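First up is the structure itself, then whatever we jot down about it.
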Amino acid sequence: MISVDALSMEFNATPLFQDVSFVINRKDRIALVGKNGAGKSTLLKILAGEQHPTTGSVGLPRDCTVGYLPQVMRLADTRTVRQEAETAFAHIHELKAHLADLEQEMVRRTDYDTDSYRELIDRFARENDRFTLMGGDNYQGELERTLQGLGFRRSDFDRPTSEFSGGWRMRVELAKILLMKPDVLLLDEPTNHLDIESIQWLEQFLATRANAVVLVSHDRAFLNNVTTRTIEISCGRIYDYRVKYDDFVRLRQERREQQLRAWENQQRQIEDTEAFIERFRYKATKAVQVQSRIKQLEKLERVEVDEEDTAALRLKFTCSSRSGNYPVICEDVGKRYGDHTVFDHVDLTIGRGEKVAFVGRNGEGKSTLVKCIMGQISDYTGRLTLGHNVQTGYFAQNQAQLLDERLTVFDTIDRVATGDVRLRIRDILGAFMFGGEASDKPVRVLSGGERTRLAMIQLLLQPVNFLILDEPTNHLDMRSKDVLKEAIASFEGTVILVSHDRDFLDGLVTKVYEFGGGRVREHIGGIYDFLRAKNAEDAQGSLDTLFREDKAKAPAKPAAPEPPAKGVQDWQAQKELNRKIKKLEKQVADCEASVEETDAAIALLEQQMSTPEGAADASLYERHARLKRQQDETMELWERASEELDMLKNMK
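For the sequence shown, my numbering begins at 199 and goes up steadily by one.
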């Protein structure tokens, strides 16, 4: 679908990447990875046609459509959420208006027997078939499902987008791009503004309903659940593997180890050959052998070892002093804005040394409670107590954007450093990959990941024993996130993490606080323990509904003389659960078979419609539209059945 040929990109005569070639095929799911500043976002912009390469070319078929979601974009706030999302269907509205004009013309004219009137009727029929084929009659349902999947409630649909934060407005833009159904989706950090539930919905959408996808993301779990191919940009070159990210990391390491062994063996062979040449160079009896060895060396194809980027972040949070046993105690804490209750009756106690996560949908109060703890919000109800000798370090969600863009990297740190630290600023910056000339860069030219690292240095220079980090991994690359995770794990103080990155939280936190519905619920265990418990809870609710429906349908039975024993009850419940699972497994398999058959039928029809005879056959358009509707309905049924099946299996 897209062919990239010998692409090179330079900034101020410094090469970003060189001689990059690859092809994006239909249904490809590509993870574009590499460290911050490697050129991932630049490559996406080139693929989207928003930036021109220094050399090389990008080839797209004439009818290929591309949807591009950048990390940062300018948003218009003149419509409601629904109206903004409906702009994805502008082509349908235009066609609908055209059909209305044709219909008015047919009503106005009276020359029914003329060739021009018959041509008008034929034109209306063709355009109406095209309107049906585009889904002009049922796009509203798809629009609402997409907005709800990305976290919007129905009550949000008619609210102006200006009432929402930048993260929520980015969700509207993402919804618009998904609804356009482009041939190629280019998404740059799409999960940065999504909560865990929305991320899981997007994973399923991209894996099952999208065409070709190219993703830039530092969410390892998201990449592994969506992509099947990984392209890494490293040291100006690309490495292309047709596997998901975790398998790529393993195969990449194995390949480099094999290259190193082959290189070492070749070096020994070269040394032995050179030693033989040097030893017998001046002996006439060995002249033939010496010349033969010299020619062997000249013809030898040297083994190359892939370059490895050894630049690494060195990060360590030092606990300043010992705090009291309980750094934070909330007793019946509540916060309201007018008539809106953000949360109420919050009771939580965080012990010294604990590492906990705040999770939940955006807007449910995670950052609000953090601001209450920080003292930035004081008009809450209830009692919030900070423990003895608590020294807090706070990394806000927008901390990287709060940096003064007029300063250089060095000046930014020089303004917050005190005492002997000021003598070691260059060393500290070097440890954060701002060594050499990079320390003199203006903040305004830094990438999102570089700004995050710089803001993290500011936090490190503060003496703290209690860290509150609100979305600290946004814009950080994989290795930087791993280093940050290790630094937090080894920190001896207390940590609150507000994050939606499952892989980052896994193995790091021992308690999860879930925000939702105005309440804060405590879950003991890690993030995946919480997700399994939540899925089981949702499945139990679904199962209870199914049991109630079955009970309502079943004929009334005489009451048993006495209730069965608990073991019998458990056995009966398990039996019923197994029955439901088998029923859903069959439904999922039937849906998958139906989708395959429908795909084949649609492909055959589209082949026929591409011929001159087929283009004039209205019946083909009707059958195509009918099959597309059938396919959409089957996919929706498959999604619901798959979700319910996963939840029921987690209960076993």
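Note that beta-carbon positions come from the ideal geometry of N, C-alpha and C, so glycine has one too. Values in this document were obtained by computation on a predicted structure and should not be read as measured data.
- Since residue 532 sits in a beta bridge, which residues does DSSP pair it with? Answer is 579, bridged to residue 532.
- Message: Considering just the uninterrupted stretch of the alpha helix (DSSP H) at residue 650, what are its terminal residues?
- Response: Counting along the chain, the alpha helix (DSSP H) containing residue 650 begins and ends at 646 to 658.
- Item | The beta strand (DSSP E) enclosing residue 557, as first and last residue numbers | Note, residue 557: beta strand (DSSP E), 553 to 558.
- So residue 382 packs on residue 264, CB below 8 angstroms; how close in whole Å? About 5 angstroms separates the two Cβ atoms, so the contact holds.
- residue 209: buried (16+ other C-beta within 10 angstroms of its C-beta) or exposed? Residue 209 is exposed by the Cβ-count criterion.
- Sorted by chain position, which residues of the same chain lie with C-beta nearer than 6 angstroms to residue 754's C-beta, five sequence neighbours on each side aside? Here residue 754 scores only 48 on pLDDT, less than 50, and its place in the model is too uncertain to base an answer on.
- Query: Mind checking residue 670: buried by the 16 CB within 10 Å criterion, or exposed?
  - Reply: Residue 670 is buried by the Cβ-count criterion.
- Query: Name the DSSP bridge partner or partners of residue 565?
  - Reply: In the DSSP output, where bridge partners are listed per residue, residue 565 has none listed.
- Query: residue 378 to residue 286, Cα distance in whole Å?
  - Reply: Taking the straight line joining both Cα atoms gives about 5 angstroms.
- Message: What does the Cβ neighbour count give for residue 516, buried or exposed, with the cut at 16 atoms within 10 Å?
- Response: It counts as exposed.
- Query: So, residue 427 versus residue 666, is the Cβ gap smaller than 8 angstroms?
  - Reply: No, the Cβ-Cβ distance between residue 427 and residue 666 is not below 8 angstroms.
- Please say whether residue 713 and residue 541 have beta carbons closer to each other than 8 angstroms? Going by beta carbons, residue 541 and residue 713 fall inside the 8 angstroms limit.
- Item | For residue 631, the three-state DSSP class (helix, strand or coil) | It is coil, neither helix nor strand.
- Nearest residue (CA-CA) to residue 387, options 495, 231, 258: Of 495, 231, 258, the residue nearest in Cα terms is 231.
- Query: Which two residues bound the contiguous beta strand (DSSP E) that contains residue 709?
  - Reply: DSSP places residue 709 inside the beta strand (DSSP E), whose first and last residues are 709 to 714.
- Query: Hey, which unbroken runs of the alpha helix (DSSP H) at 4 residues or more fall wholly within the segment 240 to 294?
  - Reply: Whole alpha helix (DSSP H) segments, 4+ residues: 279 to 284.
- State buried or exposed for residue 565, treating a residue as buried only when at least 16 other CB atoms are found within 10 Å of its CB. By the 10 Å Cβ count, residue 565 comes out buried.
- Of the choices 396, 793, 798, whose alpha-carbon is the least far from that of residue 198? Because the chain spans 199 through 850 in this model, residue 198 falls outside it and cannot be assessed.
- With distances taken Cα to Cα, identify the nearest neighbour of residue 650 among 663, 668, 664, 633. Considering only alpha carbons, the answer is 668.
- Message: Rounding to the nearest angstrom, what Cα-Cα distance links residue 243 and residue 434 in this structure?
- Response: Looking at the backbone, the Cα of residue 243 and that of residue 434 are separated by about 17 angstroms.
- Query: Less than 8 angstroms separating the beta-carbons of residue 438 and residue 422?
  - Reply: No, the pair does not count as a contact, with Cβ atoms beyond the cut-off.
- Item | Among 706, 711, 537, the one whose alpha carbon lies nearest that of residue 722 | If we check each option's Cα against that of residue 722, 711 comes out closest.
- For residue 665, which residues does DSSP report across the bridge? DSSP output for residue 665 lists 591, 693 as bridge partner(s).
- Whose CA, out of 609, 418, 472, 291, lies closest to the CA of residue 678? Closest option to residue 678, Cα to Cα, is 418.
- How many angstroms separate the CA atom of residue 704 from the CA atom of residue 392? Cα to Cα, the separation comes out at about 18 angstroms.
- Query: Nearest CA to the CA of residue 420: which residue from 452, 453, 432, 385?
  - Reply: Checked all of 452, 453, 432, 385; the closest Cα to residue 420 is 385.
- What do you reckon, are the CB atoms on residue 521 and residue 573 nearer than 8 angstroms? Result no, Cβ atoms of residue 521 and residue 573 do not sit closer than 8 angstroms.
- For residue 299, count neighbouring Cβ atoms within 10 angstroms of its own Cβ and tell me buried if that reaches 16, exposed if not. It is exposed - the Cβ of residue 299 has fewer than 16 other Cβ atoms within 10 Å.
- The alpha helix (DSSP H) with residue 680 in it runs from where to where? Following the DSSP letters along the chain, one finds residue 680 inside the alpha helix (DSSP H) bounded by residues 676 to 688.
- Item | Cα-Cα separation, residue 257 to residue 654 | Cα to Cα, the separation comes out at about 41 angstroms.
- For residue 593, I'd like the list of residues in its chain whose CB is within less than 8 angstroms of its CB, leaving aside the five on either flank, ordered along the chain. Excluding sequence neighbours, residue 593 sits near 653, 654, 657, 665, 666, 667, 668, 670.
- Taking the beta strand (DSSP E) that residue 485 falls in, what are its first and last residues? Unbroken run through residue 485 is the alpha helix (DSSP H), 485 to 497; no beta strand (DSSP E).
- Item | Sequence-distant residues of its chain with Cβ nearer than 7 angstroms to residue 558 (five each side left out) | Only 393, 564, 712, 713, 714 meet the Cβ criterion.
- Message: Going by beta-carbon coordinates alone, are residue 206 and residue 254 separated by less than 8 angstroms?
- Response: Pairing residue 206 with residue 254 gives a Cβ-Cβ distance under 8 angstroms.
- Message: Run through the DSSP bridge pairs and tell me what residue 203 is partnered with.
- Response: 255.
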